[in-house]
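Using the working numbering, you'd call the opening residue of the sequence shown number 89 and step up by one each time. All C-beta atoms in this analysis are idealised placements derived from N, C-alpha and C, irrespective of residue type, glycine included. This structure is a prediction, so every number in the text was calculated from the model and none was measured. Quick notes on the structure that follows.
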Amino acid sequence: RVAEALGIRAITARQWLYMAYSTAGNSLYESMKKNAGYRGILAPRSLKVRYLEEDIPYSLVPMASLGRMMGVSTEVMDSIILMGSIINSTDYRVSGRTVENLGIAGMSLRELRLIAIGETGK
């Protein structure tokens, strides 16, 4: 919904797997299972891993922050951010990237699009 609010047509994870790895499947599970690049990767031994310590503060937090700025509900992202924060005793909303610390708080849709294509609007 955040991408839609920005006028961006987002692709699904299954579509991304096909584009990145040429892995096709009828479901996301099947596509991941067929991906040779994922074979042999075991589950982490703890939850103090980069998937939580990087993906939450630097992917989910900025998307949720941007969603709030655009008036889009992000309750699933918010739940994952909260669970990860509790599990790792880190407030990812404080340590992660937000529209405020990225310097884009209050920008218009036009200004955000200009930044996205590498223009400053100046």
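{"Check": "Exposed unless 16 or more other CB atoms sit within 10 angstroms - verdict on L130", "Outcome": "exposed"}
{"Check": "Y180 versus L170: straight-line alpha-carbon distance, rounded", "Outcome": "8 Å"}
{"Check": "Minimum C-alpha distance to R185 - residue among M165, E207 and I144", "Outcome": "I144"}
{"Check": "Cβ-Cβ separation, S119 to L105 (assumed contact under 8 Å), whole Å", "Outcome": "5 Å"}
{"Check": "C-alpha gap between I99 and R133, whole angstroms", "Outcome": "31 Å"}
{"Check": "Cβ shell of V149 (< 7 Å), same chain only, five flanking positions each side left out", "Outcome": "I169, Y180, R181, G184, R185 and T186"}
{"Check": "Beta strand (DSSP E) runs wholly inside the region 102 to 141, at least 3 long, in chain order", "Outcome": "none"}
{"Check": "Under the three-state DSSP convention, the category M291 falls into", "Outcome": "Residue 291 lies beyond the range of the chain shown here (89 to 210); nothing can be said about it."}
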